[in-house]
Amino acid sequence: MRRLTVVQLLPALESGGVERSTLEVADALARAGHRAVVVSAGGRLEPALRAAGAEHITLDIGRKSLLTLRHAAALRRLFAEVGADIVHARSRLPAWIGLWAVRSMPSASRPRFITTMHGLNSPSRYSAVMTRGERVICVSETVRGYLLQHYPRTDPGKLVVIPRGIDPAQFPRAAHPDPEARAWAATQHPALSGDGPLLLLPGRGTRLKGHREAIVLLGRLRAVGVEARLWMPGTREAGREQYVAELEAEAQLGAVADALAITPPTAQIARAYAASDLVLQLSRKPEAFGRTVIEALSVGRPVVGWAHGGVGELLTELQPQGAVPIFDEDHLFNSVTAMLAHPPSPLATMDTYTLRAMQDATLALYHDLADDR
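Positions 4 to 376 (the working numbering) are the ones given, in order, by the sequence shown.
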């Protein structure tokens with residue numbers, strides 16, 4: 004296979020799923036001997052990108068301002084100078100600028116233009132640019148269906164589902180129970196000590212993550228004699244103090260405050276999964292993929308979540324008994340009770356959802372398009 008030059012476009016390199024995927028693909032390109040170039044405003048992940056062997060060009064192509072459009076000319080020059088074979092846009096404004104730049108180039112030297120639909124953006128003419136790639140990568144069947152529903156004029160033949168993936172080495176199978184992990188968890192918050200089952204709901208401190216429903220569930224479990232505890236890593240963040248206070252008040256009213264741990268994000272999330280007996284995914288808004296499901300199942304912990312979006316898609320495929328009709332709190336209680344009493348057998352393999360599978364499929368797509376140039 005010939006050496007490719009791939010330019011990825013995104014707003015910045017701070018944190019998040021888009022940024023993580025950009026680094027993962029850049030790393031795969033560099034390891035395969037290709038040239039990986041990333042254009043963004045930069046950020047804290049830039050050193051990691053360079054360490055992977057990729058190049059970074061600093062352009063603020065994500066700022067929502069008319070002045071940002073001036074970068075189209077700079078991108079056009081960049082694409083010509085590096086001899087880009089593929090331009091891969093991962094966000095809406097960078098996609099508009101990249102598309103204009105590519106289309107203004109001579110057809111003989113014009114790179115192939117692709118996009119990735121990382122999320123379920125509100126349908127609009129602005130968002131529609133993500134359907135304009137010669138190929139459109141969808142991170143799940145949920146995203147593909149959403150795209151076809153809201154942009155019915157899109158050619159289904161150019162949509163390619165490439166699920167996001169995890170590195171199994173970062174989420175290794177853990178014994179259940181895992182006394183060492185549970186002892187570590189007890190050092191993270193006083194409420195996490197004890198022998199009762201530990202429920203884990205990881206996620207940011209936002210109402211969309213379903214923290215209230217988890218607290219109500221905790222109260223119902225303890226009311227029937229299940230001495231469960233609930234850990235919410237990632238919920239306690241700067242700027243979320245009022246929301247956390249509301250959750251703590253809810254826990255006081257439900258008489259479960261001493262069994263609830265609301266903590267900042269942890270860098271040892273795999274260890275937190277291992278410490279738990281069951282993982283909850285109760286996002287009130289459908290998610291594009293549902294990475295938590297894959298991470299927890301990789302560690303060997305069952306997951307219960309609302310059966311919508313990417314979470315519902317993954318649970319229906321991998322662990323159907325954990326897919327609960329959305330917002331049905333009685334069904335949620337019954338499913339959690341049943342799984343705590345009789346945990347399902349851990350999955351033998353999840354090859355479709357590995358980091359390597361995502362990287363290989365993305366590079367294969369690049370090659371197919373470049374060879375057809």
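A virtual CB, placed ideally from N, CA and C, is assigned to each residue, including glycine.
Relative to the Cα of Leu13, the nearest Cα in the group Ile60, Ala33, Arg53 belongs to Ile60. The C-beta distance from Ala57 to Ala29 rounds to 4 angstroms, short enough to meet the 8 angstroms contact threshold. Scanning its chain for C-beta atoms nearer than 8 angstroms, with the 5 sequence neighbours on each side dropped, one finds around Lys161 the residues Gly136, Glu137, Arg138, Val139, in chain order. Minimum Cα-Cα distance from Pro97 among the listed residues Arg243, Ile64, Gly46, Ser112 corresponds to Ile64.
Note on the region 217 to 279: whole alpha helix (DSSP H) runs with a minimum of 4 residues are 244 to 256, 272 to 278, in chain order. A distance below 7 angstroms between beta-carbons, with the five flanking residues on each side excluded, links Ala77 to the following residues of its chain, in chain order: Leu62.
The shortest C-alpha to C-alpha distance from Leu224 to any of Arg47, Thr355, Met342 is the one to Met342.
For Gly312 against Leu283, the beta-carbon gap comes to about 15 angstroms, at or over 8 angstroms, which does not count as contact. Note on geometry: alpha-carbon atoms of Met133 and Tyr149 lie some 12 angstroms from one another.
With respect to the C-alpha of Phe174, the residue from Ala262, Ala278, Leu368 having the closest C-alpha is Ala278. Taken in chain order, the complete alpha helix (DSSP H) segments of 4 residues or longer contained in the region 127 to 211 are 144 to 153, 182 to 189. Burial of Phe82 is indicated by the presence of at least 16 other C-beta atoms within 10 angstroms of its C-beta.
Contact between the region 206 to 224 and the region 177 to 196 is absent, with fewer than three C-beta pairs closer than 8 angstroms. Among the bridge pairs identified by DSSP, Arg38 is matched with Thr8.
Rounded to whole angstroms, the gap between the alpha carbons of Pro114 and His153 is 28 angstroms. Shown here, Ala54 sits in a helix according to DSSP, grouped into three states. Per DSSP, Thr119 is not a residue of any alpha helix (DSSP H); the beta strand (DSSP E) it occupies stretches across 115 to 120.
Collapsing the DSSP output to three states places Gln362 in a helix.
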